Amino acid sequence: MTAALAHVPRQIPNPEATPGLADARLLPDDAFLRDWDAIILGDDVKERLVRQAAAAVRIRSEVAFTDVPLHGVVLLSGPPGVGKTTLARGLADRVARSIRLAGRPPWAFLEVDPHALASSALGKSQKSVHQLFNVVIAEQAEMGPTVVLLDEVETLFTDRSQLSMDANPIDVHRAVDAGLVALDALARRHPDLLLLATTNYAEALDPALASRADLLVQVPLPDLAARRVILGHTLAALAAAFPASPELTSPRTLQAAAEASDELDGRKLRKAVAEACAYDPMAGGHPGRLTVEALLATLRGVQR
């Protein structure tokens, strides 16, 4: 692509008119930046993800695929509710802010809805996968740097060895094969294409897809320190809209709340804070009347 073309406004597909596409936008995007900040992970995990993406783009731009077979695939695995999808969206934004490619248009973001690609009609799933990867994604990658989010990727790349006869195994086999072939072709042709995949069930994922991941990151349940930060962030956001007792965000309260919420994921933690607002009948469901006692009682009562 010439420098002149790089200044032409980049066109992105309309998700409503594109089967299998849940979202499409240009990056960076401030909404995704907030997603990045909302995810609390330790051990430099987030920055390592950014470095991996940068390394993949730089290496693939200069080194032949046969010498260093990088696919530009990052796989995020972990239980539901830990923030894998939010983390992936935030990572896409950080990549766009961190990796500026001279003479290239802005980064584009595409989010795939794998459930929309599945079909009971023989051969239709394979055709849908081929159309999405080899036409929609390939066209965007041809235009400029692109990040693709494959959420719940096990839906699309199901482990073929575990298929039952009820699942139309021939069609699923063909769809998985089509996806894998497309990933290989995209990796060879487009060094500034990154694919961020998430899975709740790594054991259900086809090994051939897992082997194509350049980096596999386990996203765990939040530990004590992470729960304290998540609760503090959630309570502060609530207090900004509904002024409440400052005791709710005191170090003592946050520590007690974090200890009471062991084994809860980030989503359940945030929902529990909202649920606590309705705990006390005397508060009448008003968030500004939330008490420490109601918060702790609610957290202890959340189903693990």
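First residue of the sequence shown: -16, per the working numbering; consecutive thereafter.
Ideal Cβ positions, reconstructed from N, Cα and C, are used throughout, including at glycine.
As the structure is a computational prediction, the values presented were derived from the model and not from experiment.
Contact annotation: Asp18 and Arg83 have beta-carbon atoms that are not nearer than 7 Å. Residue pairing of Gln201 in beta bridges, as defined by DSSP: Ser60. Arg210 and Asp197 have their alpha carbons spaced roughly 29 Å apart. Among the bridge pairs identified by DSSP, Ala7 is matched with Leu93. DSSP places Thr181 inside the beta strand (DSSP E), whose first and last residues are Leu176 to Thr182.
Scanning the segment 245 to 286 from its first residue to its last, the whole alpha helix (DSSP H) runs of 4-plus residues come out as 249 to 259 and 275 to 284. Cα atoms of Ala75 and Val130: separation of roughly 6 Å, rounded to the nearest angstrom. For Ala240, same chain residues with a beta-carbon under 7 Å away, outside a window of 5 residues either side, are Leu214, Leu278, Leu279 and Leu282 in chain order. The shortest C-alpha to C-alpha distance from Ala208 to any of Pro2, Leu9, Gly25 and Gly3 is the one to Gly25. Classified as buried, Ile120 has 16 or more neighbouring CB atoms from the shown chains inside 10 Å of its CB. The alpha-carbon separation between Ala165 and His173 amounts to approximately 12 Å.
Cα atoms of Leu146 and Arg250: separation of roughly 31 Å, rounded to the nearest angstrom. Leu214 carries a helical assignment under DSSP once its states are collapsed to helix, strand and coil.
Looking at Gly66, Asp248 and Val212, the one whose alpha-carbon comes closest to that of Pro234 is Val212. Inclusion of Ala79 and Gly55 in the CB contact set at 7 Å is not warranted, their separation being larger than that value.
Between Leu53 and Arg43, the C-beta gap is smaller than 7 Å, which places the two residues in contact. DSSP places Val164 inside the alpha helix (DSSP H), whose first and last residues are Pro152 to Arg172.
Contact annotation: Val33 and Ser81 have beta-carbon atoms nearer than 7 Å.
Close CB contacts of Val275 within its chain, under the 7 Å cut and outside five residues either way in sequence, are with Glu230, Leu231 and Thr236 (chain order).
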